[in-house]
Amino acid sequence: MKPPARRPRPDAARPDAFRPDAARAAPPRPRNPTRSAALALLNAVLLRHRGLEEALDSLPPAEARDRAAAHRIAAAVLRRLGSLDAVLEPLLRREPPPEVRQALRIGAAELLLLETPPHAAVASAVDLVPRPFAGLVNAVLRRVAAQGPAALEELDGERLDTPGWLWSAWHAAYGPAVRAIARAHRVPAPLDLSLLPGTAPPAGAERLPTGTARLPAGTRITELPEFAAGQAWAQDAAAALPARLLAAVPGMAVADLCAAPGGKTAQLAATGARVVAVERDGNRMGRLRENLLRLKLEAELVQADAAAWNPGTRFDAVLLDAPCSATGTIRRHPDVPHLKRPGDIPTLAGLQRRLLENAARLLAPGGRLVFATCSLQREEGEAQAMAGIPGLVPDPVRPEEVPGLEAALSPEGWLRTRPDLWAEQGGMDGFFMARFRAA
Ligand SMILES: C[S@@+](CC[C@H](N)C(=O)[O-])C[C@H]1O[C@@H](n2cnc3c(N)ncnc32)[C@H](O)[C@@H]1O
């Protein structure tokens with residue numbers, strides 16, 4: 026392949042460069058806004074340890090319109106980072122500067138994963154780096170292009186793309202299934218919807234045994250009539266289970282602890298229960314409020330620390346969807362393995378314990394508590410349930426409550442979902458759920 030011709034740098038003498046108001050109003054659009062935005066996203070996650078969603082929201086206006094395409098590229102890099110680096114490694118004599126490394130990763134992902142035509146993939150990556158590195162990027166990516174996707178097939182991708190500490194923890198917890206879990210993390214998750222009672226699933230949706238309506242990955246929720254009509258919200262099939270296990274009924278007093286952005290609050294409010302949603306973060310509480318408004322559902326909103334909240338009344342049911350490492354959501358959030366550290370787990374487990382103990386104090390006699398985390402780490406799930414909660418007794422989940430997921434029930438009646446479950450239908454997030462009753 027011929028080296029791609031370098032296009033001229035943006036010309037400062039363009040006619041609108043002479044109009045100071047135009048220059049002030051909008052910075053010049055980068056030459057390759059999609060890849061520039063993808064580079065900004067990768068730098069934010071890998072160098073500054075910021076979340077991918079937050080980085081997407083911070084894209085400059087000139088690049089924001091390329092959001093979806095940039096997200097697709099950055100997510101592909103984050104999902105397969107270890108494999109892409111393993112392909113690049115033998116082609117580099119020394120470590121390039123971080124921005125050049127990200128450009129190489131973007132180019133390699135486009136060549137090996139995203140089916141971008143080789144000339145375009147190489148030329149766009151060359152455009153991202155300062156001139157002195159153009160030759161290096163060009164030469165390395167031409168060699169990657171020559172190898173083609175076969176370069177990935179020879180690697181132990183499941184291991185390379187999973188941080189060692191997560192691999193060890195999942196191997197200890199799930200044995201050989203760790204490979205299937207890692208494989209499930211390679212592909213974007215489908216769009217899962219929860220629907221208001223009486224709403225028909227959108228055209229083309231698959232109805233899962235637990236009630237979730239599923240559409241293919243990449244479907245834009247904002248383009249669905251059911252979303253516009255305030256009848257549907259995005260919620261992974263596994264994330265929809267904890268609220269169902271509470272079996273709320275009209276008039277029941279329910280506390281939803283750690284509630285934002287409100288997927289579970291919406292489910293509970295839609296049953297006709299009297300819901301109090303407690304959330305510590307003011308911005309996230311704002312999103313919860315907007316979501317309920319859109320769905321025309323009602324709940325009392327309380328901004329408070331749920332580990333200390335004491336409203337002076339007791340509830341028939343409490344849902345604690347506790348903050349956690351979110352390692353069960355890597356399909357939807359491929360930045361998670363790059364942001365979390367082993368030391369986060371005991372810290373989060375300690376917070377979950379304090380939340381659980383306060384949640385137990387909020388229950389009326391005979392009341393139900395469902396504890397849930399979207400984590401694959403046993404310390405944030407099984408170990409919490411095993412340790413027990415003062416004043417509560419186990420209330421095992423019964424197989425008939427979780428159709429199609431009987432295999433995910435433990436002998437204790439806890440539910441453990443994993444991304445490799447229902448693999449043929451597109452998997453589900455990894456969640457742990459346990460139910461208790463006030464003695
Ligand atoms: C897993 S998310 C909850 C998702 C939510 N239940 C839903 O279904 O949309 C955890 C939430 O807990 C909140 N949070 C963390 N610590 C908290 C605390 N001590 N008290 C109340 N909320 C807390 C976080 O801000 C975050 O919104």
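Quick note, the sequence shown lines up with residues 26 to 464 if you use the numbering used here.
Positions of the beta carbon are idealized from the N, C-alpha and C atoms, including for glycine.
It should be emphasised that the depicted structure is a prediction, and the values quoted were computed from it without experimental measurement.
### Query
Mapping DSSP to helix, strand and coil, what is residue 260?
coil
### Query
On the three-pair Cβ rule with 8 Å, is the stretch 307-317 touching the stretch 353-364?
no
### Query
Roughly how many whole angstroms lie between the Cα atoms of residue 380 and residue 355?
24 Å
### Query
Can you check whether the CB of residue 187 is closer than 7 Å to the CB of residue 207?
yes
### Query
Under a CB-based cut-off of 7 Å, is residue 93 close to chain D?
The question asks about chain D, but that chain is absent: this structure has only one protein chain.
### Task
Closer than 8 Å by C-beta to residue 242: which residues in its own chain qualify, once you throw out the five before and the five after it? Chain order, please.
212, 213, 214, 215, 216, 451
### Task
Between the Cα of residue 439 and those of 411, 447, 454, 197, spot the shortest distance and give me the residue it belongs to.
411
### Task
Kindly list the residues whose CB is nearer than 6 Å to the CB of residue 116, restricted to its own chain and excluding five residues on each side of it in sequence; keep chain order.
165, 168
### Task
Specify the secondary structure class of residue 434 as computed by DSSP and reduced to three states.
strand
### Message
Please report the straight-line C-alpha distance between residue 460 and residue 344, rounded to a whole angstrom.
### Response
9 Å
### Query
Does at least one heavy atom of ligand 1 sit under 6 Å from the Cβ of residue 365?
no
### Task
Express the C-alpha separation of residue 402 and residue 194 in angstroms, rounding to a whole number.
7 Å
### Task
Within 10 angstroms of the Cβ of residue 48, are there 16 or more other Cβ atoms? Answer buried if so, exposed if not.
Unreliable positioning characterises residue 48 in this predicted model, as indicated by a pLDDT of 37, which lies under 50. A coordinate reading is not provided.
### Task
Less than 8 Å between the CB atoms is what I'm expecting for residue 80 and residue 66, so what's the real figure, rounded?
5 Å
### Query
When DSSP builds the beta bridges, which residues end up paired with residue 398?
457
### Message
Going by C-alpha to C-alpha distance, which of 444, 342, 366, 349 sits closest to residue 462?
### Response
342
### Message
Let me check you understand the geometry: is the CB of residue 304 closer than 6 Å to at least one non-hydrogen atom of ligand 1?
### Response
yes
### Message
Let's see if you can read the secondary structure: which residues bound the alpha helix (DSSP H) around residue 377?
### Response
369-386
### Query
Just to check, is the beta-carbon of residue 309 closer than 6 Å to a non-hydrogen atom of ligand 1?
yes
#### Entry: Close-in-space but distant-in-sequence residues of the same chain around residue 57 (CB under 6 Å, 5 per side omitted)
149, 152
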